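Visitor:
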Amino acid sequence: GGGGEGRKEDPARGIGDEFLAELRGGEASLHHFFLLHRSGPNRGSRRRVGLAMRFIAASVRQSGRVRECVTLVRGSLEHDGFDLEPMLPLVGEATEEELAAGLAAHADAMKREAANYFDGTVCRGYDQPG
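So for the sequence shown, our numbering puts the first residue at 264; every next one is plus one.
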């Protein structure tokens, strides 16, 4: 199985204890956004997938210097603090142009997010550790 390691960080007290969360194939971990975490190398023959979901109230305002993109899940935004991601057709119903537009929108969203989270660090993005 692919093990993951996590470390709790409290800015007031520094880094806390490290712990191992061993996962078997098909399992997932849910953790706080600020939990420092990593996983070992994928020694299996199948690709590993990561998925990040952050749910926030429509009233939440961002504090980063770059406007980020969000997907509206329900209701309506209560302010104009975010840019809405485009609504795309279901897989199998999308044209090549729509798929290309979706990939471009995703790349733009990741670039904006990286500018807010990695600015001033040695890391330049999720896939560019520094």
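Every residue gets a Cβ at the ideal spot worked out from N, C-alpha and C, and that includes glycine. In this text, all values refer to a predicted model and were calculated from it rather than measured experimentally.
How many angstroms separate the CA atom of Phe318 from the CA atom of Ala378?
Guide: In the sequence shown, counting from the first residue as 1, residue 318 sits at position 55. In the sequence shown, counting from the first residue as 1, residue 378 sits at position 115. Taking the straight line joining both Cα atoms gives about 20 Å.
Visitor: Three-state secondary structure (DSSP) at Asn379?
Guide: Reading the sequence shown from its first residue, position 116 is the one you call residue 379. DSSP places Asn379 in helix when its eight states are reduced to three.
Visitor: Kindly indicate if chain B contains any beta-carbon less than 8 Å away from that of Asp382.
Guide: In the structure shown, chain B does not exist; there is a single protein chain.
Visitor: Which residues in the same chain as Glu348 place their Cβ atom closer than 7 Å to its Cβ, once the five residues preceding and following it in sequence are excluded?
Guide: Taking the sequence shown and counting its residues from 1, one reaches residue 348 at position 85. Around Glu348: Cys332, Val333, Thr334, Ala368, Ala372.
Visitor: Under 8 Å between the Cβ atoms of Glu290 and Ala321?
Guide: As a working mapping, residue 290 is identified with position 27 in the sequence shown. As a working mapping, residue 321 is identified with position 58 in the sequence shown. Cβ atoms of Glu290 and Ala321: not closer than 8 Å.
Visitor: Go through the stretch 332 to 374 residue by residue and report every complete run of the beta strand (DSSP E) that reaches 3 residues or more, in order.
Guide: If we require 3 residues or more, the stretch 332 to 374 turns out to have no beta strand (DSSP E) run fully inside it.
Visitor: What residue range is occupied by the uninterrupted beta strand (DSSP E) comprising Arg287?
Guide: The residue labelled residue 287 in the question sits at position 24 within the sequence shown. It is not in any beta strand (DSSP E) - Arg287 carries neither H nor E in the DSSP assignment.
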